[in-house]
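Worksheet: the structure to be examined is printed underneath.
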Amino acid sequence: KKKKRKGGKGLGKGGAKRQGITKPAIHSLARRGQHKRISGLIYEETCGVLKVFLENVIRDAGTYTEHAKRKTVTAMDVVYALKRQGRTLYGFGG
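Using my numbering, you'd call the opening residue of the sequence shown number -17 and step up by one each time.
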């Protein structure tokens, strides 16, 4: 008896457009880090660093999802991806 295969690796639904991180969001992160004033150049640099960080985490999480033959990325996929990069996250199981 042949094993029924799942569909191919499509791109899924359209998904939301990338909005980017806003200046107020970066400003509030800086305030959380005890910085009252920040240079205007910080915003662009922070966006670049955050983009690279998220790309790496999402790529690794996607790899865990594909390996498990799933189409949905779970919280645990993200936890394992962060752990792989040396950033252990507690409070989400595992």
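For each residue, glycine too, the CB sits at the ideal point set by N, CA and C.
Distances from the CA of CYS29 to each of ALA50, THR70 and PRO6 were compared; the closest alpha carbon is that of PRO6.
Judged by DSSP secondary structure, ALA12 falls within the alpha helix (DSSP H) whose first and last residues are 5 to 14. DSSP, read as helix, strand or coil, puts LEU71 in coil.
Under the DSSP assignment, GLY44 falls in the alpha helix (DSSP H) whose first and last residues are 23 to 49. Only residues of its own chain outside the window of five on either side were considered, and among them ALA43, TYR46 and THR47 have a CB closer than 6 Å to the CB of ASP59, listed in chain order.
DSSP, read as helix, strand or coil, puts LYS53 in coil.
Judged by beta-carbon spacing, LEU71 lies beyond the 8 Å limit of VAL39, meaning their Cβ atoms are not closer than that value. Here LEU23 is not near ILE3, since their CB atoms are 8 Å or more apart.
Exclusion of the five residues before and after ILE8 leaves TYR25 and THR28 as the residues of its chain whose Cβ lies within less than 6 Å of its Cβ.
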